[in-house]
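Working notes, beginning with the structure itself.
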């Protein structure tokens with residue numbers, strides 16, 4: 055019986071799919087380590103308000119975001135997908151490129167100015183379309199950025215969910231931007247600023263120049279200039295629809311013209327590249343122009359690989375931040391307890407002094423009183439009685455006598471004032487600083503052990519899994 059062997063091309067595709075599945079699993083596990091709560095449900099970022107609540111910690115049962123929210127820390131969960139924004143003038147081939155990559159007709163391409171808003175193309179369990187508010191609920195991290203563009207932005211965003219598993223689409227969310235045109239065309243919102251706002255949450259920005267359209271229109275160049283100021287490292291430039299200019303000299307003229315126009319607007323023009331791309335038509339004759347379409351895929355694959363590394367590194371950074379914060383909280387708690395012990399001693403000493411003053415005053419008054427039982431006490435303890443009597447005579451005087459320092463009224467008033475002052479001082483000195491209960495201290499200690507132990511061990515395991523895709527014999 056003849057043995058069948060898989061072709062090299064099929065083996066390459068299978069290996070690529072396996073690597074993609076491993077990468078997707080790593081990103082998923084890292085994301086879950088952030089968003090899970092003690093109830094097992096993801097933490098909602100919409101209601102995420104950090105405050106120090108150690109009593110609510112559930113060590114080992116919740117993710118880093120829930121832990122940070124109870125330690126007064128702000129924390130952002132890493133995304134499971136990279137965001138790739140595509141910018142260009144109308145008819146630059148943005149939607150066609152997305153359809154080619156996904157392998158499915160998700161975006162309409164027939165009309166010149168078809169994409170008048172932002173369209174998010176992402177993978178999911180079933181084919182579905184989400185409109186404005188539903189889109190913002192799906193991408194909640196964009197809500198603060200798009201706040202200045204409400205309510206017009208609601209009609210300007212939508213999401214296309216596809217079940218495609220083509221290439222790395224399971225790890226990518228495409229953002230198809232409105233086609234940029236000059237003239238009297240009116241956008242319902244400030245499209246340039248909206249693109250810049252969304253760019254803050256993207257990993258790559260592809261700029262498509264149409265060689266036969268309005269590639270150099272003022273609105274397109276202005277948008278590129280704004281993007282270059284904040285996100286120059288994310289920008290990648292491509293000459294799209296290169297097959298519409300098959301003559302090499304004509305194509306080079308277009309490239310030179312675009313380069314000259316951009317050189318005065320972008321700060322990294324010395325490293326400027328403008329590869330030519332086009333969607334291949336397998337029913338027509340092959341185009342002689344080199345197609346750099348695979349370069350766009352390689353850029354995204356490299357960004358995905360870097361995203362895995364960044365997410366794992368950020369996981370360790372956040373774990374150590376949590377541990378450091380807990381150390382600071384426990385150190386502050388120990389200082390507060392030490393302060394409280396000192397305050398307890400000083401406060402109670404002053405309180406006891408405040409109680410002894412009235413007792414001493416009564417003793418002095420009794421020493422001068424003429425009671426028969428006091429005489430018997432004096433006979434029983436002559437020396438203490440003599441001390442009290444002499445002290446009373448030295449302090450007090452009766453009527454016009456000159457032997458004492460104070461009158462009876464002055465002595466009683468002074469004793470009352472001193473007692474009140476000592477009591478108030480005991481309350482002030484004896485104030486306690488807040489401290490954690492034994493349960494709260496135990497929660498903090500167990501949470502610290504959890505993030506430095508279990509989570510970092512899982513991070514090391516995920517890193518090894520990631521390395522195993524390309525490096526053998528990882529120790």
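Residue numbers (this note's numbering): 55 to 529. Think of the CB as a built atom: it goes at the ideal place given N, C-alpha and C, for glycine as much as any other residue.
Residue 144 sits buried, since 16 or more C-beta atoms from the chains shown fall within 10 Å of its C-beta. Under DSSP, residue 212 forms a beta bridge with 173. Between residue 254 and residue 286 the beta-carbon gap is near 13 Å, outside 8 Å, which marks them as no contact. Distance between residue 251 and residue 506, taken at the CA atoms: about 36 Å. Within the same chain, Cβ atoms closer than 7 Å to the Cβ of residue 502 are found at 377 and 380, the five residues on either side in sequence being excluded. The C-alpha of residue 131 lies about 29 Å from the C-alpha of residue 148. When DSSP reads this structure, residue 183 sits in a beta bridge with 214. Residue burial is scored here from C-beta neighbours: residue 414 has fewer than 16 other C-beta atoms within 10 angstroms and is therefore classed as exposed.
Per the C-alpha coordinates, the member of 75, 110, 81 and 85 positioned closest to residue 490 is 110.
Burial check for residue 486: the Cβ neighbour count within 10 Å stays below 16, so the residue is exposed.
For secondary structure counted as the alpha helix (DSSP H) over 4 or more consecutive residues, the segment 101-134 holds these complete runs in sequence order: 118-123. Take residue 80, set aside five residues on each side of it, and the residues of its chain with a beta-carbon closer than 7 Å to its own are 362, 516, 519 and 520, in chain order. Nearest to residue 478 by alpha-carbon distance, out of 510, 492, 504 and 408, is 408. In this structure, residue 216 places its C-beta atom within 7 Å of the C-beta atom of residue 177.
Sixteen is the threshold: since fewer than 16 other Cβ atoms of the shown chains lie within 10 Å of the Cβ of residue 191, the residue is exposed. Taking C-beta atoms as the reference points, residue 262 and residue 146 count as a pair closer than 7 Å. The continuous alpha helix (DSSP H) containing residue 245 extends over residues 245-253. Between the segment 239-248 and the segment 288-298 there are fewer than three C-beta pairs closer than 8 Å, too few to call the two in contact. For residue 290, no alpha helix (DSSP H) segment is defined; the enclosing uninterrupted segment is the beta strand (DSSP E) at 289-293. Remark: C-beta atoms of residue 372 and residue 118 approach each other more closely than 7 Å. The three-state reading of DSSP puts residue 519 in helix, counting H, G and I together. According to the DSSP assignment, residue 151 belongs to the alpha helix (DSSP H) that extends over 148-156. Its chain contains 156 and 177 as the residues whose beta carbon lies nearer than 6 Å to that of residue 223, once the 5 sequence neighbours on both sides are disregarded; these appear in chain order. Beta-bridge annotation (DSSP): residue 88 is not paired with any residue. Residue 182 is not a Cβ neighbour of residue 134, given a cutoff of 7 Å. Contact between the segment 218-233 and the segment 344-356 is present: 3 or more CB-CB pairs across the two stretches fall below 8 Å. Counting every other CB atom within 10 Å of its CB across the protein chains shown gives residue 396 a total below 16, marking it as exposed.
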